[in-house]
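Mapping to the numbering used here: the sequence shown position 170 is 254, numbers consecutive.
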Amino acid sequence: MKIFVGFDDTDVLGAPIGTGRLVRMYGEKLPPEARLWGVLRHQLLVDDRIPYTSHNSPACAVVEAEAALLPRIIELAAQHIAEFASPGSDPGLCVACEDADLSRVIEFALSCTRSVRTQEEAKAVTAEAGIHLSGHGGTNDGIIGATAAVGLTACGWSGRFLEYGGGLRNLPDPISVAALQARGIYPVPLDHNATVLSPDTLITTKGWPRPRFWAGQAILPVQYRYGHWVAVGKKRCPFAHMRKAATLVWTKAYRAIGGPKAGGQKHGGGTGMGDRKHGHGAGQKR
């Protein structure tokens, strides 16, 4: 069965290990009888009344294991928090089996995406469901987000995978639709025509695909851009190398018709790029 292990508030601003990374690392602590199915990042309400670190995004490890391992999974999670949570953080941990009645936990979790909730509410819904909830330092405010992480995962329609199927970052780029589907990841075009992709269609992932957790499955939204199907979700701008190449072609063409050389722009004394980068022009960034 699947066991949901929710973590939140394990870091502080500028910490080397954020909550998402901490939860991915937790997979390495699991006993041999358990398997990390995936790690999901969830987005909660961003509001000045909430003392979140940077994005108010808890994470949930989904572990495949027998129910008899539940106490050990909880123990390992608590030890993992004690080892890697940042000093000054307010960690929370929530753990539940998928066969528990999580209806009230799901209701609470959905409300966390649009309103401010309290520790007392988190304690009440987890007690009603009979699932584990514990605070591990500071104000223990992390129990709110940890409970939300479990509920949003249980609902099956929320979250972005940080890890899935043994290694999202290790997948080839580009990768075919057939290869993704063989790993349980289903590309879904977001174009107007709802295109059906052939098995040999290549998807550019930009090095780290970010599937969504939709309908209880790993769904990879893709868009057709610049002649390629591209996975949605990478912060870094796609096709930066193509724009760089286009800029180089334009520069060579500009020089060919008598434009100034790059050296004059970089080091000249006028209003060129050199002044903005190294001098005192109005465009200088401080």
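All C-beta atoms in this analysis are idealised placements derived from N, C-alpha and C, irrespective of residue type, glycine included.
Are the beta-carbon atoms of residue i and residue j separated by less than 8 Å?
i: residue 231; j: residue 189; result: yes
i: residue 264; j: residue 304; result: yes
i: residue 207; j: residue 194; result: no
i: residue 177; j: residue 90; result: yes
i: residue 143; j: residue 124; result: yes
i: residue 126; j: residue 243; result: yes
i: residue 157; j: residue 87; result: yes
i: residue 128; j: residue 141; result: yes
i: residue 220; j: residue 165; result: yes
i: residue 186; j: residue 249; result: no
Give every residue of the same chain whose Cβ lies closer than 7 Å to the Cβ of residue i, excluding the five residues on either side of it in the sequence, and list them in chain order.
i: residue 271; result: 261, 264, 281, 287, 304 and 306
i: residue 151; result: 85 and 181
i: residue 320; result: Because the pLDDT of residue 320 is 46, which lies under 50, any placement of that residue in the model is unreliable, and the number read from its coordinates should be weighed accordingly. Excluding residues within five positions, the ones whose Cβ falls inside 7 Å are 290.
i: residue 328; result: At residue 328 the pLDDT is 44, less than 50, meaning the model places this residue with poor confidence; the figure from the coordinates comes in the next sentence. Contacts found: none.
i: residue 300; result: 240
i: residue 108; result: 123, 246 and 247
i: residue 205; result: 192
With a threshold of 6 Å on Cβ separation, who are the neighbours of residue i within its own chain once the five nearest residues in sequence on each side are excluded?
i: residue 75; result: This structure leaves residue 75 out entirely; the chain is present only between 85 and 370.
i: residue 293; result: 252, 304 and 315
i: residue 104; result: 125, 143 and 246
i: residue 106; result: 94 and 168
i: residue 371; result: With the chain covering 85 to 370 only, the question about residue 371 has no answer from this structure.
So the candidates are the options; which of them puts its Cα closest to the Cα of residue i?
i: residue 29; options: 222, 198, 199 and 191; result: With the chain represented from 85 up to 370, any question about residue 29 goes unanswered, as that position is not in the structure.
i: residue 213; options: 131, 248, 183 and 317; result: 183
i: residue 60; options: 278, 162, 235 and 128; result: As shown, the chain starts at 85 and ends at 370. That puts residue 60 outside it, with no answer to give.
i: residue 203; options: 126, 134, 279 and 259; result: 134
i: residue 309; options: 275, 341, 299 and 284; result: 275
i: residue 256; options: 149, 104, 289 and 295; result: 289
i: residue 132; options: 295, 341, 199 and 215; result: 199
i: residue 241; options: 277, 137 and 197; result: 197
i: residue 146; options: 254, 136, 179 and 279; result: 179
i: residue 313; options: 300, 279, 296 and 297; result: 279
i: residue 311; options: 295, 296 and 285; result: 285
i: residue 298; options: 273, 283, 239 and 108; result: 239
i: residue 273; options: 215, 295, 233 and 106; result: 295
Per DSSP, residue i forms a beta bridge with which residues?
i: residue 192; result: DSSP, once it has assigned bridges, lists no residue as partnering residue 192.
i: residue 145; result: 89 and 123
i: residue 259; result: 287
i: residue 309; result: 312
i: residue 219; result: 176
i: residue 272; result: 305
i: residue 168; result: Answer by DSSP bridge pairing: none, since residue 168 is not bridged.
i: residue 181; result: 87
i: residue 212; result: Paired residues: none, contrary to the question.
i: residue 298; result: 301
i: residue 247; result: 123
Looking only at its chain, what residues have a beta carbon closer than 8 Å to the beta carbon of residue i, apart from the 5 residues adjacent to it on each side?
i: residue 160; result: 110, 113, 114 and 115
i: residue 222; result: 93, 172, 173, 174 and 175
Segment contact, 8 Å Cβ cut-off, at least three pairs: the region 170–183 with the region 94–103:
yes
Would you call the region 210–229 in contact with the region 115–124, where contact means no fewer than 3 C-beta pairs closer than 8 Å?
no
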